[in-house]
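Trainee: Numbering (this note's numbering), first residue to last: 112 to 677.
Glycine residues also receive a C-beta, built at the ideal position from the N, C-alpha and C atoms.
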Amino acid sequence: MQNQKVASILNRVADYLEMDGPDFRTKAYRRAAHTIETLSVDIADIKKQGKLEELPGIGKHIHAKIEEILDTGSLEYLENLKKEFPLDLDALMSVEGLGPKKIKLLYQELGIKNLDDLEKEAKRHHIRRLKGMGAKTEAKILQNLEFARKSTGRQLLGEVLPLSSLIKQRISALDLVEQVEIAGSIRRRKETVGDIDVLTVTQHPDEVMDFFNRMDLVEEVIVKGHSKSTVRLFNGMDADIRVFKEDDFGSAMVYFTGSRELNISLRKIAISQGMKLNEYGVFHDEKRLAGKTEVDVFQALGMDYIPPELRENTGEIEAAQEGKLPLLVDYGDIKGDLHIHTNWSDGKSSIMEMALEASQRDYEYLAITDHTCIPVARGMDENRLIKQMGEIDRVNHELEDITLLKGAEVNLDSYGNLDMPRDLLEELDIVIAAVHSDLRQDPEKMNERILRALENDYVDILAHPTGRKLKERKPYQLNIENLFSKARETETILEINSQPKRLDLKDMHVKMAVEYGCQLSVSTDSHHTHDLSFMELGVATARRGWAEKKDIVNTFSLKKLLKLIS
DNA sequence: GCCGTTTTCGGCCCGACTGTTTTCAGTCG
Numbered sequence: 112m113q114n115q116k117v118a119s120i121l122n123r124v125a126d127y128l129e130m131d132g133p134d135f136r137t138k139a140y141r142r143a144a145h146t147i148e149t150l151s152v153d154i155a156d157i158k159k160q161g162k163l164e165e166l167p168g169i170g171k172h173i174h175a176k177i178e179e180i181l182d183t184g185s186l187e188y189l190e191n192l193k194k195e196f197p198l199d200l201d202a203l204m205s206v207e208g209l210g211p212k213k214i215k216l217l218y219q220e221l222g223i224k225n226l227d228d229l230e231k232e233a234k235r236h237h238i239r240r241l242k243g244m245g246a247k248t249e250a251k252i253l254q255n256l257e258f259a260r261k262s263t264g265r266q267l268l269g270e271v272l273p274l275s276s277l278i279k280q281r282i283s284a285l286d287l288v289e290q291v292e293i294a295g296s297i298r299r300r301k302e303t304v305g306d307i308d309v310l311t312v313t314q315h316p317d318e319v320m321d322f323f324n325r326m327d328l329v330e331e332v333i334v335k336g337h338s339k340s341t342v343r344l345f346n347g348m349d350a351d352i353r354v355f356k357e358d359d360f361g362s363a364m365v366y367f368t369g370s371r372e373l374n375i376s377l378r379k380i381a382i383s384q385g386m387k388l389n390e391y392g393v394f395h396d397e398k399r400l401a402g403k404t405e406v407d408v409f410q411a412l413g414m415d416y417i418p419p420e421l422r423e424n425t426g427e428i429e430a431a432q433e434g435k436l437p438l439l440v441d442y443g444d445i446k447g448d449l450h451i452h453t454n455w456s457d458g459k460s461s462i463m464e465m466a467l468e469a470s471q472r473d474y475e476y477l478a479i480t481d482h483t484c485i486p487v488a489r490g491m492d493e494n495r496l497i498k499q500m501g502e503i504d505r506v507n508h509e510l511e512d513i514t515l516l517k518g519a520e521v522n523l524d525s526y527g528n529l530d531m532p533r534d535l536l537e538e539l540d541i542v543i544a545a546v547h548s549d550l551r552q553d554p555e556k557m558n559e560r561i562l563r564a565l566e567n568d569y570v571d572i573l574a575h576p577t578g579r580k581l582k583e584r585k586p587y588q589l590n591i592e593n594l595f596s597k598a599r600e601t602e603t604i605l606e607i608n609s610q611p612k613r614l615d616l617k618d619m620h621v622k623m624a625v626e627y628g629c630q631l632s633v634s635t636d637s638h639h640t641h642d643l644s645f646m647e648l649g650v651a652t653a654r655r656g657w658a659e660k661k662d663i664v665n666t667f668s669l670k671k672l673l674k675l676i677s
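Okay, structure coming up:
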């Protein structure tokens, strides 16, 4: 799967072209990159089928460039641009306030190639001499440079959500504020988040922005205007607050929930129908047609309401226009968790504690699936597993509202065999198979290993199928198409693991799996009672993958579920 | 460089804010 690589090369070309802008070639490259980035199939397969030019935004020229990248692994056009401008573009672009134009000027006039050069020239006060720059720009560069060096980039949704909720809570406690919502990629529930967008309705913009800027979470105020303010928070993340009138709030929510590509498409649709769309409403000439609610805005544009998790411009607009959006699985549809650990292996809470917490969440069932054998996770041997089954029976007897299922997360050896004997597996209600060792195996062997696990009759669920960990570890090099067709053929359930770092399967893979007709589960892989709340992240991922209730097996009643996995 | 339910040529999303200007360019989202 080279989609990511092709997209990043095209994006890099766009970065260089932007130095000479305004140039619509830039937009063309970015659009093509976005198309490829959000493709759920392998771009190499599309090339093989000769269908590259059927993709939106890909014409004759970019088609040829994609072929070159796939054939040779690089793009001569980009290599020449790099020679012409031998810059550390990523680093320079990460300095707030520096864009392609200024970077080009800095290189041509002062020979600045990287952050060290930039710092040197700023300290010598050479930058303020350049056209369009001044003392303030120079000082800002120096200030932002330090931050660019430290910055870790996007943060995990699971880590940012609690912070954004706290901010929302604080703002909504103000009497002056009529409405507050978090928008942006947090509202879309994207797996990583770049900043926090807060939208408010108030008659007192200055007071509200002052309150926001003075929160103890704020390290520094970056921008302050009449309708928006940007601050840098203690954790290095930026947060924006924007103030609207009540009648504008729906269109503001649409616009600031994004994505960027979705906004561009929506505005084009407005134009094609003789209207104009911005964050203040949908307009025909001067007359406002909609703006108060999101539903009104989508309706004025001639389409159904699009749930935030789908707003990535990957086909949802067309579906909304045709009334064919999926009826997404809902956060309240989940009837149980099928992958949790207790203190019988590497979990921190007891079986009873986990059961009570699940019961609090109104679950109908909970599968106890501790590790087997692997030493690192205090995995259970056969005797302990038998003992644990007895304990589960005992707790089940004690609790009325919830049913505990006997399960195990069984380790797959390097060849895809389970590390538990058949007679024991037979006793379990549910068997999860997972890779926990020999992760750097040769890709071909890893593929065989996992396919072999799917063929095992005892395996009900494959846990965290691709093994990725966000910001930590790449996925195994799986042939994902083979995985999905084998899962469907063997009726093995694929897990959407809800751990903030995993979210595995990821959104795009969920979408693909749904198209393949695979069965999915959303589970938390909890190691503590607190972790059960990760379910929200997993369901969000399922929704981002267009999954419906029928695709997710733990929305089923206990009876229906047991029939499926028996 | 791409694209077409007014177009095969002439468009290409839109607004806020800042710093440098003195009417605007660059950046950001």
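Based on the DSSP output, what are the partners of Lys398 in its beta bridges?
Mentor: Walking along the first sequence from the start, residue 398 turns up at place 287. Lys398 pairs with His395.
Trainee: Mind checking who Glu520 pairs with in its DSSP beta bridge?
Mentor: For the purposes of this step, residue 520 is identified with residue 409 of the first sequence, where counting begins at 1. For Glu520, which the question treats as bridged, DSSP gives the partners His482, Ile543.
Trainee: Between Glu464 and Arg265, what straight-line distance do the alpha-carbon atoms span, to the nearest angstrom?
Mentor: Numbered from 1 along the first sequence, position 353 holds the residue referred to as residue 464. Numbered from 1 along the first sequence, position 154 holds the residue referred to as residue 265. Cα to Cα, Glu464 sits roughly 34 angstroms from Arg265.
Trainee: Mind checking Tyr442: buried by the 16 CB within 10 Å criterion, or exposed?
Mentor: Position 331 of the first sequence holds residue 442. Tyr442 should be labelled exposed.
Trainee: To the nearest whole angstrom, what separates the beta carbons of Pro460 and Leu510, a pair I think is in contact under 8 angstroms?
Mentor: The residue you call residue 460 lines up with position 349 of the first sequence. The residue you call residue 510 lines up with position 399 of the first sequence. The identity of residue 460 in the sequence shown is Ser, whereas the question assumes Pro. Not really, about 15 angstroms apart at Cβ, beyond 8 angstroms.
Trainee: Going by beta-carbon coordinates alone, are Ile214 and Val117 separated by less than 7 angstroms?
Mentor: Taking the first sequence and counting its residues from 1, the one referred to as residue 214 is at position 103. Taking the first sequence and counting its residues from 1, the one referred to as residue 117 is at position 6. No, the Cβ-Cβ distance between Ile214 and Val117 is not below 7 angstroms.
Trainee: Considering only the beta carbon of each residue, do Thr303 and Leu287 sit closer than 7 angstroms?
Mentor: Working through the first sequence from its first residue, we reach residue 303 at position 192. Working through the first sequence from its first residue, we reach residue 287 at position 176. No, the Cβ-Cβ distance between Thr303 and Leu287 is not below 7 angstroms.
Trainee: Since Val79 contacts Val291 with CB under 8 angstroms, what's their CB separation in whole angstroms?
Mentor: Residue coverage of the chain in this structure runs from 112 to 677, which leaves residue 79 outside it and unanswerable.
Trainee: Do Asn424 and Ile485 have their C-beta atoms within less than 7 angstroms of each other?
Mentor: Counted from its first residue, the first sequence places residue 424 at position 313. Counted from its first residue, the first sequence places residue 485 at position 374. For Asn424 and Ile485, no; Cβs fall outside 7 angstroms.
Trainee: Assess, as a yes-or-no matter, whether the segment 616-628 is touched by the segment 397-412 under the definition of 3 or more beta carbon pairs within less than 8 angstroms.
Mentor: No, the segment 397-412 does not touch the segment 616-628.
Trainee: Which residues mark the beginning and the end of the beta strand (DSSP E) in which Gly222 is found?
Mentor: The residue you call residue 222 lines up with position 111 of the first sequence. Careful: Gly222 lies outside any beta strand (DSSP E) and carries neither H nor E.
Trainee: Count the CB pairs spanning the segment 359-369 and the segment 325-335 that are closer than 8 angstroms, and state whether there are at least three.
Mentor: Verdict: no, contact absent.
Trainee: Nearest to Asn665 by alpha carbon, out of Ile497, Tyr474, His395?
Mentor: Translated into the one-based positions of the first sequence, residue 665 becomes position 554. Checking every option, the nearest Cα to that of Asn665 belongs to Tyr474.
Trainee: Kindly list the residues whose CB is nearer than 8 angstroms to the CB of Thr480, restricted to its own chain and excluding five residues on each side of it in sequence; keep chain order.
Mentor: As a first step, residue 480 is located in the first sequence; it is residue number 369 there, counting from the start. For Thr480, where only same-chain residues beyond five positions count, the Cβ hits under 8 angstroms are Leu449, His450, Ile451, His452, Gly518, Ala519, Glu520, Ile541, Ile543.
Trainee: For the segment 535-599, list the beta strand (DSSP E) runs that are entirely contained and at least 3 residues long, ordered along the chain.
Mentor: Listed in chain order, the complete beta strand (DSSP E) runs (minimum 3 residues) inside the segment 535-599 are 541-545.
Trainee: For Ala658, name the three-state secondary structure that DSSP assigns.
Mentor: As a first step, residue 658 is located in the first sequence; it is residue number 547 there, counting from the start. Three-state DSSP puts Ala658 in coil, outside helix and strand.
Trainee: Just curious, the beta strand (DSSP E) that Lys339 is in, first and last residue?
Mentor: Looking up residue 339 in the first sequence gives position 228. Residues 339-344.
Trainee: Measuring straight from C-alpha to C-alpha, what distance separates Leu189 and Ser119?
Mentor: In the first sequence, counting from the first residue as 1, residue 189 sits at position 78. In the first sequence, counting from the first residue as 1, residue 119 sits at position 8. Their backbone Cα atoms lie some 11 angstroms apart in a straight line.
Trainee: Once the 5 residues before and after Ser419 are set aside, which same chain residues still bring their CB inside 8 angstroms of it?
Mentor: Here residue 419 is taken as the residue at index 308 of the first sequence, counted from 1. Note on identity: in this sequence residue 419 is Pro, with Ser being the wrong assignment. These residues qualify, in order along the chain: Arg298, Arg299, Arg300, Thr368.
Trainee: If you pair each beta-carbon of the segment 245-257 with each one of the segment 162-171, do three or more pairs fall below 8 angstroms?
Mentor: Contact fails: fewer than three Cβ-Cβ distances are below 8 angstroms.
Trainee: Please specify which runs of the beta strand (DSSP E), each continuous and at least 3 residues long, are wholly inside the segment 270-347, giving them in chain order.
Mentor: The qualifying runs are 288-293, 306-313, 329-335, 339-344.
Trainee: Quick one: Cα of Glu566 to Cα of Pro273, how far?
Mentor: Residue 566 sits at position 455 when you count from the first residue of the first sequence. Residue 273 sits at position 162 when you count from the first residue of the first sequence. Computed Cα separation, rounded: 40 angstroms.
Trainee: Assuming Leu616 and Ile607 form a contact by the criterion Cβ under 8 angstroms, report the distance between their Cβ atoms to the nearest whole angstrom.
Mentor: For this step, residue 616 is matched to residue 505 along the first sequence. For this step, residue 607 is matched to residue 496 along the first sequence. So it is a contact: roughly 5 angstroms between Cβ atoms.
Trainee: Measure the C-alpha to C-alpha separation of Leu221 and Ile252 and round it to an integer number of angstroms.
Mentor: By one-based count along the first sequence, residue 221 stands at place 110. By one-based count along the first sequence, residue 252 stands at place 141. Going from the Cα of Leu221 to the Cα of Ile252 covers about 15 angstroms.
Trainee: Out of Leu421, Asp568, Val332, which one is the CA nearest neighbour of Asn374?
Mentor: On the first sequence, position 263 is the one that residue 374 refers to. Of Leu421, Asp568, Val332, the residue nearest in Cα terms is Leu421.
Trainee: Which stretch, first to last residue, makes up the alpha helix (DSSP H) that contains Glu129?
Mentor: For this step, residue 129 is matched to residue 18 along the first sequence. Where Glu129 is concerned, the enclosing alpha helix (DSSP H) stretches over 114-129.
Trainee: Buried or exposed: where does Lys556 fall if 16 or more other Cβ atoms within 10 Å of its Cβ makes it buried?
Mentor: Mapped onto the first sequence, residue 556 falls at position 445. Answer is exposed; the Cβ neighbour count stays below 16.
Trainee: Shorter than 6 angstroms, the distance from the beta carbon of Asp396 to the closest heavy atom of the ligand FAD, or not?
Mentor: Of ligands this structure carries none, so the ligand FAD is not represented either.
Trainee: DSSP state of Thr514, grouped into three classes?
Mentor: Counted from its first residue, the first sequence places residue 514 at position 403. Here Thr514 sits in strand by DSSP.
Trainee: Per DSSP, what kind of secondary structure is Met491 in: helix, strand or coil?
Mentor: Locating residue 491 in the first sequence gives position 380, where the first residue counts as 1. In the structure shown, Met491 sits in a strand (DSSP, three-state: E or B).
Trainee: For Lys660, which of Glu537, Cys629, Asp642, Val319 has the nearest alpha-carbon?
Mentor: One-based indexing of the first sequence puts residue 660 at position 549. It is Cys629 whose Cα lies nearest to the Cα of Lys660.
Trainee: How long is the line joining the alpha carbons of Leu438 and Glu647, rounded to whole angstroms?
Mentor: Numbered from its first residue, the first sequence carries residue 438 at position 327. Numbered from its first residue, the first sequence carries residue 647 at position 536. If I take the Cα positions, the gap works out to 17 angstroms.
Trainee: Measure from the alpha carbon of Glu318 to the alpha carbon of each residue in Ser296, Arg353, Lys612, Asp349, then state which is nearest.
Mentor: Looking up residue 318 in the first sequence gives position 207. Here the closest residue by C-alpha is Arg353.
Trainee: Quick one: is Glu427 buried, meaning 16 or more other Cβ sit within 10 Å of its Cβ, or exposed?
Mentor: As a position in the first sequence, residue 427 is number 316, starting the count at 1. Its Cβ being crowded by 16 or more others within 10 Å, Glu427 is buried.
Trainee: Could you check what DSSP says for Ile451 in three-state terms: helix, strand or coil?
Mentor: Residue numbering aside, residue 451 sits at position 340 when the first sequence is read from its first letter. Reduced to three states, the DSSP call for Ile451 is strand.
Trainee: Give me whichever residues DSSP pairs with Tyr476 in a beta bridge.
Mentor: Working through the first sequence from its first residue, we reach residue 476 at position 365. DSSP, once it has assigned bridges, lists Gly447, Thr514 as partnering Tyr476.
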